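Q: My structure is below; once you've seen it, I'll send some questions.
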Amino acid sequence: RSILHHPSPCHPAYVPGFLQLKKPVKLTNTVKLKDLSKPAEDVPAGTHCFAAGWGITQENGDQSDVLLSVKVTVVDRKKCNSPGYYNFFPIITGGMLCAGYGEDQAGTCQGDSGGPLVCGDTLTGVVAFAGGCGRNKRPTVYTFISKYTDWITETIQTSG
């Protein structure tokens, strides 16, 4: 029915938006709801999560025709902003989360943007971007959903 965007002045890749559907989705054994993170509940570095998507599986590779998932590890924001990683370009803020490559040598790639990062049973992030595919010290950067939970809840309740 429509696309709803967070009113943040940040780059659109770093803040959430979602689709408002015309009719409810039919829940099945394979189509389920996920809990949202509690507001401002951080995820400690070292936490194991998984990401999913239909993106390419290597740089300059072909798009996957099946949904794939990958185990990733949360990277400390300070480390993610350090000279050996993103070096504050862009600045990884509290509204973002890094996870992936580091020790795992795994993560998301082109075409996975908008896909979920799930930690435990909770939707924790949404793929925003990565510094390549599987590049060491260029983990995927996710929009950190818990920073936007209040906005998401309010928007759902007021958008009818």
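My numbering puts the first residue of the sequence shown at 207, with every later residue one more than the last. For each residue, glycine too, the CB sits at the ideal point set by N, CA and C. The model shown is predicted, which means the values in this text are computed figures rather than measured ones.
Below 8 Å CB to CB, which residues in the same chain sit around N287 once its five sequence neighbours on both sides are set aside?
A: N293, F294, I297, I298
Q: Can you tell me whether V249 is buried or exposed? The criterion is at least 16 other CB atoms within 10 Å of its CB, across all chains shown.
A: When all chains shown are included, V249 counts as buried.
Q: Check S352 in the structure and name its three-state DSSP category.
A: helix
Q: Which full runs of the alpha helix (DSSP H) of 4+ residues lie inside the region 223-286, going along the chain?
A: 283-286
Q: Examine the Cβ distances between the region 276-285 and the region 228-247 and report whether three or more of them are shorter than 8 Å.
A: no
Q: Would you mind giving the Cβ-Cβ distance between G261 and D318, rounded to the nearest angstrom? I have them listed as a contact below 8 Å.
A: 3 Å
Q: Pull up the distance between the alpha-carbon of A312 and that of T234, whole angstroms please.
A: 30 Å
Q: Work out the CA separation of G301 and W357 for me, nearest whole Å.
A: 13 Å
Q: Excluding the five sequence neighbours on either side, which residues of its own chain have a C-beta within less than 7 Å of the C-beta of G252, listed in chain order?
A: Here the set comprises T279, V280.
Q: Using C-beta distances below 6 Å, list every residue in its chain close to Q269, excluding the 5 sequence neighbours before and after it, in chain order.
A: I262, G317
Q: Roughly how many angstroms separate the alpha carbons of P289 and R344, rounded to a whole number?
A: 11 Å
Q: Once DSSP output is grouped into helix, strand and coil, what is the label at T359?
A: helix
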